[in-house]
Amino acid sequence: MGGPDDVRRRPVRRPRPRPRLAVGSPLQLLLLACSFALAAYAGVRLLAGDWFGVALWIVGAALLHDLVLLPLYAVLDRALVKAAGRRRVGAPPMPLRQWGRIMYVRVPAALSLLLLLVWFPLISGRVAERYPSATGLSADGFLTRWLLMTAALFGGSALLLVLRLRRATKDRPPAAH
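If you're matching positions, the sequence shown starts at 0 in the working numbering and goes up one per residue.
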């Protein structure tokens, strides 16, 4: 039998503090209220002309993204990771240094696809007749500009990767024989 010192006591559980909402300064609150007011005004103006068409477009875009595009680029990303992954049987899935290399493809691809998604009606030429009457600008050249932007994104990413690899080889000490 042990003495009073042998009695094991459970640690006292203290209740977790509730997370507090970070409100910020009055200027931040004013800017937030102004942004909501501007968004509400834009929504009212957008829906004033053809509210059913706009609502249908928003719902259609959400469904297209969630049911078609998201699974598509998830499969493409999985294929990219798999292609850069295992080199031999029993090897770890992917060394940590290769994750950085994958990002040099992921980032420009994501930005290029985002630009394509946003500007698809003009890139495809589907609204070429309505665009000039609504904006007073020409609808020509959107496909060319998107292709040039995509090339610039991938070219810049490749250049950054080459510079990173060159710097890594310069910083590495010479191997001992």
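Where is the CB? At the ideal position from N, CA and C, for every residue including glycine.
Since the structure is predicted, the reported quantities are computational estimates derived from the model, not experimental observations.
Query                                                                                                                        : Result
Beta carbon of R100 nearer than 9 angstroms to that of L160                                                                  : yes
Length of the line joining the Cα atoms of A83 and M102                                                                      : 11 angstroms
CA-to-CA distance, F141 to W118, given in whole angstroms                                                                    : 8 angstroms
Classification of I57 by the beta-carbon crowding that lies within 10 angstroms, buried from 16 upward                       : exposed
Where L95 sits in the DSSP three-state scheme                                                                                : Below a pLDDT of 50, predicted positions are generally treated as unreliable, and L95, at 49, falls in that range; the measurement from the model is reported next regardless. Looking at L95 - three-state DSSP - the assignment turns out to be helix.
Validate contact between the stretch 142-159 and the stretch 106-115 using beta carbons, cut 8 angstroms, 3 pairs            : yes
Distance between R13 and V74 (C-alpha atoms, nearest Å)                                                                      : 46 angstroms
Neighbourhood of L46 by C-beta distance below 8 angstroms, restricted to the same chain and skipping five residues each side : V53, A54
Cβ separation of L115 and W145, assumed to be a contact under 8 angstroms, to the nearest whole Å                            : 6 angstroms
Contact check, A127 vs D139, beta carbons under 9 angstroms                                                                  : yes
Contact under 9 angstroms by Cβ, G155 with P120                                                                              : no
Close Cβ partners of V122 (< 7 angstroms) along its chain, the five nearest in sequence each way excluded                    : Per the sequence shown, residue 122 should be read as Ile rather than Val. For I122, where only same-chain residues beyond five positions count, the Cβ hits under 7 angstroms are L115, F141, L142, W145.
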